[in-house]
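Data first, discussion second: the structure below is written as structure tokens.
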DNA sequence: CTGAAAGCGCTTACAG
DNA sequence: CTGAAAGCGCTTACAG
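And the structure:
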């Protein structure tokens, strides 16, 4: 009994003078109303003393539950998703679930993850910022998936950020500052969340939008593209709203390289709130990453327990920093 | 047979006209020399056609292998570790292993991960940038752990970055540019990697080092602390070497706030190479994150298969950008 | 080169 | 409120 690796529920049952069933019930937190409080207490105490840990693989094999979920994200190197993971783990870990981070574009990406869901290696998936194709794939596992920041699909649960309000707050700020010509800097992906931002901008700033630029998400490439566009004057825009902090950082860097001063000649607003926005002093629409990870994971776990579809909208916040100011009196 | 969830190795055996053992051998890639090529081919074809996927939990239960490793890192929000994860997954995935990212300081952190190793939930751990306490804990599972960027512990395998060379390249650059007074900006942690950087700086720049500043890794807090120190003049330093890109970004931001121009009045060099250094145009000592994740993971998997301890040193590179220049002719 | 049988450690009906 | 027994889908000696 000295070796905790060898302890099984049988050992605990023997030491506590109960059956293996009783031990199982206690450890699955399914004992209330079935096993007396005194017995439960005794089982827990014996297990604690002996250092018993149930075997996850035996449990998974018998129950058909892997006790593992996948968090599918576009990019593991974006610190924003680190915060989402933190929130997801905070929800999963106390319930005995592990979260595996999966990059949707990677070799072992979404398709593998969905196959893993079928094979019961993963119990379910949280899909962050899917594109249409990914969303279609997720529909194949309606009870095993929650879409996070991917619009309002009908047949699948979702959590999303209140992007429309975020955009409105940003545009309101630019209006108040006196901007009358605004550019939109867009990343070159087809993720649904970016279409939503487009729509938000169209709704809030139809009268101000004078230029839309689509650039690569690769930092060096995107910045080079932006240098040309910024040098070209962005059709007279005095401010730009960027679909992410990375894009805003590229724009910032490109502006500097071309001697365009931020915010005097060009105000910039980003999206997400990461180290990048803090370091560069970027005004940004801050999305609650950790809350979102937590909410989506709780929703997924509830759904695995049999609850139906549900939906949740999370509030956002405009974080005002030094990259926004009134436009210069004389346009450049 | 239409439901792939229900397919077992028995079904495949029946369809292929072989025993379950043969199927198992083929799927574990342990068939060569035991099963004829023709039989192997037949088994694979049947499995493919029927869409068979072996059950990981059954395999784990019987074999005692979880086919999952943990990557323990100090901070999930640092994009640098996203790149490490990517490398680790690239090594693990083709061999059928999953990588779970674990934040050492989190509630379900290193202690839980080590317990999971004992309980065979995790087969092993890659520990990135441990501190002394974490390293001590890792010694409890010598064959199940590889230390990455944590010095050269005797009883445990390691991979590390050639920090000494990195520091020397950085100091050489500053010397060539004409700097004679250098500050060192240090984070407030006791991670072994920072002690190594200290030593490297002492070795390469003993004659230049005029100030050492220790600041918080929390962005806003660290920057506030740095504002005071930079305003205080850093004892006349014209350049600072910072223990990470985040710290360099804080210094950059603090300098701007105090009207100290980078690089004219203060040159800055960081460590790691992330979006942050690219966005801010920071000269940095670039560490090969993905390679390191891959190397440490391969080492861990080999070790789980019975090879002994091994060690590996990875080269680094100085990436020169706009945050370094010759010191101003007249000191501030 | 291949197969029959036992068993990994749980959970799940079922019986009481 | 509790227990005895079967079985989840593999892998592992062992026998041939």
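Chains as they are written, first to last, in the working numbering: chain A, 5 to 336; chain B, 5 to 336.
All C-beta atoms in this analysis are idealised placements derived from N, C-alpha and C, irrespective of residue type, glycine included.
Query: Run down chain A in chain order and give the residues with a C-beta less than 7 Å from the C-beta of residue 52 of chain B.; Result: Neighbours of residue 52 of chain B on chain A: none; closest Cβ ~13 Å, over 7 Å.
Query: What does the Cβ neighbour count give for residue 324 of chain A, buried or exposed, with the cut at 16 atoms within 10 Å?; Result: exposed
Query: Taking C-beta to C-beta, are residue 186 of chain B and residue 167 of chain B nearer than 8 Å?; Result: no
Query: Check the C-beta distance from residue 271 of chain B over to residue 178 of chain B and give it rounded, since I have them as a contact under 8 Å.; Result: 7 Å
Query: Just checking: is the beta-carbon of residue 337 of chain B within a distance shorter than 8 Å of some beta-carbon in chain A?; Result: No answer is possible for residue 337 of chain B: the residues shown for chain B start at 5 and end at 336.
Query: Check the Cβ-Cβ distances between residue 93 of chain B and every residue of chain A, and say whether any is below 8 Å.; Result: yes
Query: Among A:171, A:170, A:172, A:147, which residue has its Cα nearest to the Cα of residue 161 of chain A?; Result: A:147
Query: Give a yes or no on whether the minimum CB-CB distance between residue 284 of chain A and chain B is below 8 Å.; Result: yes
Query: Just to confirm my understanding: we take residue 294 of chain A, look at its own chain, exclude 5 residues before and 5 after, and list those with CB closer than 8 Å. What are they?; Result: 87, 88, 90, 91, 94
Query: In three-state terms, what does DSSP make of residue 125 of chain B?; Result: coil
Query: Exposed or buried, which one is residue 98 of chain A when buried takes at least 16 other CB atoms within 10 Å?; Result: exposed
Query: Could you tell me whether the Cβ atoms of residue 208 of chain A and residue 266 of chain A are closer together than 8 Å?; Result: no
Query: Flag this pair as yes or no: are the beta carbons of residue 96 of chain A and residue 128 of chain A separated by less than 8 Å?; Result: no
Query: Of all the CB atoms in chain B, is at least one closer than 8 Å to the CB of residue 57 of chain A?; Result: yes
Query: For residue 43 of chain A, collect the residues of the same chain with a Cβ closer than 7 Å to its Cβ; drop the 5 residues on either side in sequence, then sort them by chain order.; Result: 22, 26
Query: Under the rule that 16 or more other beta-carbon atoms within 10 Å means buried, what is residue 6 of chain A, buried or exposed?; Result: Below a pLDDT of 50, predicted positions are generally treated as unreliable, and residue 6 of chain A, at 38, falls in that range; the measurement from the model is reported next regardless. Residue 6 of chain A should be labelled exposed.
Query: Check whether the Cβ of residue 5 of chain B lies closer than 8 Å to any Cβ atom in chain A.; Result: Its pLDDT being 34, under 50, residue 5 of chain B is placed unreliably by the model, and nothing is read from it.
Query: Under 9 Å Cβ-Cβ, which residues of chain B neighbour residue 338 of chain A?; Result: The structure shown does not extend to residue 338 of chain A, since chain A is modelled only from 5 to 336, so the question has no answer here.
Query: So, residue 249 of chain A versus residue 275 of chain A, is the Cβ gap smaller than 8 Å?; Result: yes
Query: Under 8 Å, CB to CB, which of the residues in the stretch 246-263 of chain B have a partner in chain A?; Result: 250, 253, 254, 256, 257, 260
Query: Got a sec? Which residues, its chain only, sit under 6 Å from residue 8 of chain B by beta carbon, not counting five neighbours each side?; Result: Only weak support is given to the placement of residue 8 of chain B: the predicted model assigns it a pLDDT of 49, under 50, and the value that follows is read from those uncertain coordinates. So the qualifying residues of the chain are 55.
Query: Among residues of its own chain, excluding the 5 on either side of residue 304 of chain B, which ones have a beta-carbon nearer than 7 Å to its beta-carbon?; Result: 73, 128, 130, 150
Query: Among residues of its own chain, excluding the 5 on either side of residue 318 of chain B, which ones have a beta-carbon nearer than 8 Å to its beta-carbon?; Result: 163, 164, 165, 166, 291, 292, 295, 296, 299
Query: Please give the ranges of any alpha helix (DSSP H) in the stretch 53-77 of chain B, keeping only runs that are unbroken, at least 4 residues long and fully inside the region.; Result: 60-67
Query: Rounded to the nearest angstrom, what separates residue 143 of chain B and residue 157 of chain B at their Cα positions?; Result: 9 Å
Query: Could you tell me the alpha carbon to alpha carbon distance between residue 38 of chain A and residue 32 of chain A, rounded to whole angstroms?; Result: 12 Å
Query: Within 8 Å (strictly less), CB to CB, does residue 280 of chain A reach chain B?; Result: yes
Query: On the DSSP letters alone, give me the boundaries of the alpha helix (DSSP H) that residue 1 of chain B sits inside.; Result: Chain B is shown only over 5 to 336; residue 1 of chain B falls outside these bounds and no answer can be derived.
Query: Taking just the CA atoms, how far does residue 69 of chain A sit from residue 40 of chain A?; Result: 27 Å
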